[in-house]
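In the UniProt record's numbering, the protein residues as written are 16 to 617.
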Amino acid sequence: TPPERIRNFCIIAHIDHGKSTLADRMLQETGVVDQRQMRAQYLDRMDIERERGITIKSQAVRMPWSAPEGATGGLSTYVLNMIDTPGHVDFTYEVSRSLAACEGAVLLVDAAQGIEAQTLANLYLAMENDLTIIPVLNKIDLPSAQPEKYAEEIAGLIGCDVGDVLRVSGKTGEGVPELLDRIVELIPAPTGDADAPARAMIFDSVYDTYRGVVTYVRVIDGSLSPRERIAMMSTKATHELLEIGVSSPEPAPSKGLGVGEVGYLITGVKDVRQSKVGDTVTTLGRMATQALGGYKEPRPMVFSGLYPIDGSDYPILRDALDKLKLNDAALVYEPETSAALGFGFRVGFLGMLHLEIVRERLEREFNLDLISTLPNVGYEVEMDDGTVVDVTNPSEFPAGRIASITEPVVRATILAPSEYIGAIMELCQTRRGTLRGMDYLSPERVEMRYTLPLAEIVFDFFDALKSRTRGFASLDYEPDGVQVADLVKVDILLQGDTVDAFSAIVHKDKAYAYGVQMAGKLKELIPRQQFEVPVQAAIGARVIARETIRAIRKDVLAKCYGGDISRKRKLLEKQKEGKKRMKMVGSVEVPQEAFIAALSQD
Ligand code: GDP
Ligand code: MG
């Protein structure tokens with residue numbers, strides 16, 4: 016297809032504003048999926064995506080569309096490539112690469128809700144990438160829709176006329192053909208040098224059991240054809256192109272991809288790490304000299320220990336992680352042992368949603384019961400002697416004289432009704448936030464921008480925000496470098512022995528609260544022993560909180576005096592069962608359940 020007949024676009028929307036429904040409707044309207052094959056959320060592949068209503072991986076689908084030609088009014092057929100983008104803060108980088116593959120974006124806003132933080136963040140990203148924005152209000156069939164009000168909000172935000180805001184319903188299909196026409200009319204055709212060495216940008220790569228890694232690309236310059244040898248510019252790795260094609264939406268092999276086209280490549284590699292999002296594909300025969308900009312290595316931001324509750328599941332967990340890794344270039348892990356929890360892995364994630372998704376998949380697809388330690392972010396500790404230690408696990412926190420510690424911070428955007436400004440400021444204050452700016456979208460709605468430590472967001476920030484704003488606030492954030500902070504490691508000790516799984520790196524002002532809370536929890540959860548057990552919280556050698564588990568007076572058999580022998584035996588038997596799940600911390604016996612209960616957040 017010649018570039019003038021191609022339009023590449025994505026849809027930017029807040030969760031639940033109707034992106035999947037509109038995408039489904041476009042598939043139907045353009046005839047690529049007929050009524051019979053249609054199922055809801057056609058493009059969301061994984062069960063977990065459908066259930067949670069989020070997109071984890073990007074998607075691309077090619078649709079033919081006949082639109083009126085400007086002057087003559089006759090119809091011509093165009094190729095529309097819709098690139099779906101992940102809809103969550105953890106995947107900002109993936110979103111930025113999907114946007115970079117497009118010339119335009121449909122800004123989709125629920126006509127009963129208005130713009131939310133996530134929409135705003137992605138809109139800013141799209142504007143930075145110079146995309147043409149087509150503003151659209153969705154769900155106009157709803158009785159509660161307020162299209163006039165929200166059209167004004169959007170027009171004010173992107174600087175267009177209120178009349179330019181399209182109105183559609185993904186549900187009834189109203190306005191969808193007009194939207195497709197508008198895409199052809201307004202979004203620029205791709206431009207590129209057809210005679211230059213090939214350069215294609217990878218915006219997604221997915222592992223498929225049958226086909227191996229399927230790499231989704233947008234060709235910028237030149238062309239790619241089957242059987243050609245290609246090279247990845249970041250790693251210089253070379254592969255043969257076994258198959259090349261387009262999704263429409265089922266994969267269909269093609270004779271090649273030219274300037275502006277979007278499609279998939281299959282090379283037989285088995286690991287998405289060999290085909291990285293953002294990397295540039297070129298041909299070995301005629302190599303491009305300069306890679307496309309914007310490529311970044313995936314970098315884990317949040318770390319947590321993952322342990323099987325049943326220790327004998329450890330090999331299953333290891334195999335499961337190896338499998339997930341094939342399809343998840345951002346997932347990193349290494350074996351770790353804990354006195355309290357046994358054998359497990361320290362796993363690095365892009366963020367909290369990524370963590371939840373991985374954990375849920377491990378439990379669901381591999382049938383594992385897991386316990387995770389409190390998530391932490393990565394720190395850089397500079398010692399007095401100038402050495403620098405990277406800390407992704409509290410146990411790696413160095414002893415000795417520390418010069419400074421840095422922690423990652425994020426730039427957060429919060430959108431809420433203006434009556435909650437006070438409540439939000441108060442929350443951000445307690446989370447060590449700095450207000451960076453505030454704008455009114457309308458007299459009733461405000462956008463607040465904060466710099467916040469990532470560690471404070473990881474810890475139930477979103478829940479706290481929701482509860483203080485009766486669910487009306489939305490949040491988005493992106494990494495924004497690091498800052499120096501006054502941080503300490505708090506250890507929890509049972510009878511003088513550190514319980515590794517409970518060590519945490521926290522701000523100095525919060526150390527006491529953390530210590531008191533954890534010591535109190537463990538005191539409640541750990542059964543009495545034959546002797547008194549002190550539970551302490553300490554920073555280095557300095558104890559900051561203390562509780563005591565008092566000794567038991569009677570042993571278990573005492574209850575059975577006068578009872579029959581078989582009952583006593585049963586009780587002993589049962590105790591032995593329980594022993595298997597007991598962990599020793601120094602001389603203190605702790606049922607594993609106690610650790611699990613203490614680690615699960617209330
Ligand atoms: P996504 O999270 O942006 O992909 O949103 P979905 O497409 O999954 O839609 C979220 C919810 O809104 C679903 O319950 C849809 O049925 C509903 N929905 C989507 N579009 C419309 C629409 O145009 N009108 C109405 N009434 N409901 C819609
Ligand atoms: Mg969706």
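Cβ coordinates follow ideal geometry from the N, Cα and C atoms, glycine included.
Worksheet entry | Three-state secondary structure (DSSP) of R20 | Taking the sequence shown and counting its residues from 1, the one referred to as residue 20 is at position 5. Three-state result, R20: helix.
Discussion item. My output table needs one value for S433: the three-state DSSP class, helix, strand or coil.
Written reply: Locating residue 433 in the sequence shown gives position 418, counting from the first residue. The answer is helix: DSSP assigns S433 an H, G or I state.
Worksheet item: What residue from Q498, Q544 and I21 has the CA that sits closest to P203's CA?
Response: Counted from its first residue, the sequence shown places residue 203 at position 188. The option with the nearest alpha carbon to P203 is I21.
Discussion item. Suppose you measure from the CA of E526 to the CA of Q532; what does that come to, to the nearest Å?
Written reply: Counting from 1 along the sequence shown, the entry for residue 526 is found at position 511. Counting from 1 along the sequence shown, the entry for residue 532 is found at position 517. Checking the displayed sequence, the identity of residue 526 turns out to be Ala instead of Glu. Whole-angstrom Cα-Cα distance: 10 Å.
Worksheet item: Per DSSP, what kind of secondary structure is K504 in: helix, strand or coil?
Response: On the sequence shown, position 489 is the one that residue 504 refers to. Of the three classes helix, strand and coil, the one that applies to K504 here is strand, per DSSP.
Item to complete: Under 6 Å Cβ to Cβ from A136, same chain only, skipping five residues before and after it: list those, please.
Response: Residue numbering aside, residue 136 sits at position 121 when the sequence shown is read from its first letter. The answer, listed in chain order, is T428 and D491.
Practice prompt. With DSSP collapsed to three states, give me the class of F517.
Written response: The residue you call residue 517 lines up with position 502 of the sequence shown. Here F517 sits in helix by DSSP.
Worksheet item: Whose C-beta lies closer than 8 Å to the C-beta of L339 among residues of the same chain, with five residues either side of it excluded?
Response: The sequence position of residue 339 within the sequence shown is 324, counting from 1. These residues qualify, in order along the chain: L346, V373, R376 and L377.
Item to complete: Tell me whether V603 sits in a helix, a strand or coil according to DSSP, three-state version.
Response: Residue mapping note: residue 603 aligns to position 588 of the sequence shown, counting from 1. V603 falls in the strand class under three-state DSSP.
Discussion item. The ligand GDP and S489: does the residue's C-beta get closer than 7 Å to at least one heavy atom of that ligand?
Written reply: Against the sequence shown, residue 489 aligns to sequence position 474. False, no ligand heavy atom lies under 7 Å from that Cβ.
Worksheet item: Beta carbon of L195: closer than 7 Å to some heavy atom of the ligand GDP?
Response: Counting from one through the sequence shown, the residue named residue 195 turns up at place 180. Not under cutoff, so the answer is no.
Discussion item. Using only the alpha-carbon positions, how far apart do L383 and L272 sit?
Written reply: Numbered from its first residue, the sequence shown carries residue 383 at position 368. Numbered from its first residue, the sequence shown carries residue 272 at position 257. When rounded, the distance between both Cα atoms is 43 Å.
Item to complete: Express the C-alpha separation of T445 and L341 in angstroms, rounding to a whole number.
Response: Position 326 of the sequence shown, counted from the first residue, corresponds to residue 341. Position 430 of the sequence shown, counted from the first residue, corresponds to residue 445. Straight-line Cα distance between these residues: approximately 40 Å.
Discussion item. Classify L450: buried if its beta carbon has 16 or more other beta carbons within 10 angstroms, exposed otherwise.
Written reply: What you label residue 450 is simply residue 435 of the sequence shown in a count that begins at 1. When all chains shown are included, L450 counts as exposed.
Worksheet item: Across which residues does DSSP place V121 in a beta bridge pair?
Response: Taking the sequence shown and counting its residues from 1, the one referred to as residue 121 is at position 106. Paired residue(s): I26 and I149.
Discussion item. Using a 10 Å radius around the Cβ and a threshold of 16 neighbouring Cβ atoms, would you call Y139 buried or exposed?
Written reply: Taking the sequence shown and counting its residues from 1, the one referred to as residue 139 is at position 124. The residue in question, Y139, is exposed, as its Cβ has fewer than 16 Cβ neighbours within 10 Å.
Worksheet item: Does at least one heavy atom of the ligand NAP sit under 7 Å from the Cβ of A28?
Response: The ligand NAP is not part of this structure, which contains only the ligand GDP and the ligand MG.
Worksheet item: So who's on the other strand from residue 629, going by DSSP bridges?
Response: No answer is possible for residue 629: it lies beyond the span of the chain, which begins at 16 and ends at 617.
Item to complete: Leaving out five residues on either side along the sequence, give the residues of the same chain with a beta carbon under 7 Å from the beta carbon of A335.
Response: What you label residue 335 is simply residue 320 of the sequence shown in a count that begins at 1. Hits under 7 Å: L377, F381 and L383.
Item to complete: Please list the segments of the alpha helix (DSSP H) lying wholly inside the region 284 to 310, counting only runs of 4 or more residues, in order along the chain.
Response: none
Worksheet item: S262 CB to nearest chain B CB: under 8 Å?
Response: Given the protein chain composition of this structure (a single chain), no chain B is represented.
Worksheet item: Assuming V234 and V191 make a contact with CB atoms under 8 Å, what is their CB distance in whole Å?
Response: In the sequence shown, residue 234 corresponds to position 219, counting from 1. In the sequence shown, residue 191 corresponds to position 176, counting from 1. That pair is no contact at about 28 Å.
Item to complete: Could you pull out every residue in the same chain whose Cβ sits closer than 7 Å to the Cβ of V317, ignoring the five residues on either side in sequence?
Response: Counting from one through the sequence shown, the residue named residue 317 turns up at place 302. Closer than 7 Å at the Cβ level, and outside the excluded window around V317, lie F364, G366, M367, L370, P390, V392 and V473.
Worksheet entry | P264 vs V47 beta-carbon contact at 8 Å | As a first step, residue 264 is located in the sequence shown; it is residue number 249 there, counting from the start. As a first step, residue 47 is located in the sequence shown; it is residue number 32 there, counting from the start. Yes. Within cutoff.
Item to complete: Classify C575 as helix, strand or coil using the three-state DSSP reduction.
Response: Translated into positions along the sequence shown, residue 575 becomes position 560. Below a pLDDT of 50, predicted positions are generally treated as unreliable, and C575, at 48, falls in that range; the measurement from the model is reported next regardless. C575 falls in the helix class under three-state DSSP.
Worksheet item: Which residues bound the alpha helix (DSSP H) around N137?
Response: For the purposes of this step, residue 137 is taken as residue 122 along the sequence shown, with counting starting at 1. N137 -> alpha helix (DSSP H) spans A132 to E143.
Discussion item. Measuring only from the beta carbon, is K186 closer than 7 Å to any heavy atom that is part of the ligand GDP?
Written reply: Mapped onto the sequence shown, residue 186 falls at position 171. Yes, the beta carbon of K186 sits closer than 7 Å to at least one heavy atom of the ligand GDP.
Worksheet item: How would you label I130, buried or exposed, when you count the other beta carbons within 10 angstroms and need 16 or more for buried?
Response: Translated into positions along the sequence shown, residue 130 becomes position 115. By the 10 Å Cβ count, I130 comes out buried.
Practice prompt. Tell me whether G320 is buried or exposed, calling it buried when 16 or more other Cβ atoms sit within 10 Å of its Cβ.
Written response: On the sequence shown, position 305 is the one that residue 320 refers to. Flag for G320 reads buried.
Item to complete: Can you check DSSP and say which residues form a bridge with D223?
Response: Along the sequence shown, read from residue 1 onward, the residue named residue 223 stands at position 208. DSSP output for D223 lists G227 as bridge partner(s).
Discussion item. Please determine whether the Cβ atom of S159 lies at a distance below 7 Å from any heavy atom of the ligand GDP.
Written reply: Within the sequence shown, residue 159 is the residue found at index 144, counting from 1. Result no, Cβ not under 7 Å from the ligand GDP.
Worksheet item: Taking the DSSP output, what are the residues bridged to Q551?
Response: By 1-based counting over the sequence shown, the position of residue 551 is 536. Q551 pairs with L508 and R561.
Worksheet item: Who does S353 pair with in a DSSP beta bridge?
Response: Counted from its first residue, the sequence shown places residue 353 at position 338. In DSSP, S353 forms a bridge with G357.
Worksheet item: Which value, in whole angstroms, describes the spacing of the CA atoms of G601 and A355?
Response: Residue numbering aside, residue 601 sits at position 586 when the sequence shown is read from its first letter. Residue numbering aside, residue 355 sits at position 340 when the sequence shown is read from its first letter. G601 and A355: Cα-Cα distance of roughly 10 Å.
Worksheet item: Out of A479, V277, E493 and S482, which has the shortest C-alpha to C-alpha gap to R464?
Response: Within the sequence shown, the letter at position 449 stands for residue 464. Of the listed residues, the one whose Cα sits closest to R464 is E493.
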